[in-house]
Amino acid sequence: MISAEFDYVRAQTLDEALTLLAQNEDAKILAGGHSLIPAMKLRLATPPLLIDIGRIQDLSYIREEASQIRIGAMTSHYQIESSELLKQICPLLPECAGHIGDVQVRNKGTIGGSVAHSDPAGDWPAAVIALNAELVVASKSGERSIKADDFFVELMTTALEPGEILRELRINKSKGRSGQAYVKMHHPASGFAVVGVAANLTLDENGACQKASIGITGVSSKTYRASAVESALNGSVVDEQTTANAAAHATDGVDINGDLFASVDYRRHLAAVYTKRAIAAASERAG
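Quick note: to get this note's numbering, add 773 to the position in the sequence shown (first position is 1).
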């Protein structure tokens, strides 16, 4: 199909993009375009104006500042996947990036665009929740920070207000004996997550879990924190039995999606299996 008619403008700076967005409340921000353009072709989205922020260099960066990692919203999946810095200090991010699409998608798509789109089967939201990220959004009236747990509201809906653009993701560096992992069952046609689980664990010297943070995507109408899994892990030695018991709670309190590829029961089963795998991998990497 062909999209409805629209106007297009390429913003040179973030301030210009924010001004245009403030003047055109029905406009859409174009980042990598891998989600928005297909939606427009199917007439699921009919914005009168596209504001292209793809050439704003100030929004593409990976920085280590004191105890934080800061990533610009226009940083591509490939830049994250190939970052030697992130492989050392936050390996969950490069691992997650490697699961996204194919080489072409990873070179063009951006972390900010994916997070702001909030696809219920997208990869980044699970990692963002597991890392307890802080999302910095900008508007003409200033900036504000949103915790990852509060950012993903519902199906393709976030806490972004009209006139706001996601500018940066901030992640506190892990301390002590920590391990991270992202595992995923890819849909064979789309490559999206049938189930994807991000695990971020901190262990004490005896192998007991001091802190667990688990994000799950593909299962429900939005990516969510698996709080029951975290509670089952915290304070316990992460062995095979503990991991299996904790993973059994992967879908507690969640409305599970069912579709032609994966029924509700099958997805529930997959969520437990992949949560177990993610915890086991993160625990092993924590040493």
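We treat Cβ as the ideally placed atom computed from N, Cα and C, and that holds for glycine.
- Ranked by Cα distance from residue 780, the options 1024, 1032, 821, 925 are led by 821.
- Counting of Cβ neighbours within 10 angstroms places residue 1049 among the buried residues, the total reaching 16 or more.
- Scanning its chain for C-beta atoms nearer than 7 Å, with the 5 sequence neighbours on each side dropped, one finds around residue 917 the residues 910, in chain order.
- At least 8 Å separates the beta-carbon of residue 819 from that of residue 849.
- By the Cβ-count criterion, residue 874 is buried, with 16 or more other Cβ atoms from all chains shown falling within 10 Å of its own Cβ.
- Just so you know, the alpha carbons of residue 881 and residue 807 end up roughly 8 Å apart.
- Boundaries of the beta strand (DSSP E) harbouring residue 945: 938-945, taken from the DSSP string.
- Setting aside the 5 residues that flank it on each side, residue 936 is surrounded in the same chain by 794, 795, 912, each with a C-beta closer than 6 Å to its C-beta; the list follows chain order.
- Between residue 955 and residue 852, the alpha-carbon positions lie close to 18 Å from each other.
- Here DSSP, grouped into helix, strand and coil, assigns residue 813 to helix.
- For the pair residue 985 and residue 1006, the CB atoms are nearer than the 8 Å cut-off.
- 1053 is the residue among 967, 1053, 1035, 924 whose C-alpha sits nearest the C-alpha of residue 1002.
- When the beta-carbon positions are compared, residue 902 and residue 988 come within less than 8 Å of each other.
- For residue 959, the secondary structure class from DSSP, reduced to helix, strand or coil, is strand.
- Look at the beta carbons and you see the stretch 1027-1047 touching the stretch 966-977: at least three pairs across the two are nearer than 8 Å.
- The DSSP-derived three-state label of residue 990 is strand.
- Judged by beta-carbon spacing, residue 992 lies within the 8 Å limit of residue 1029, meaning their Cβ atoms are closer than that value.
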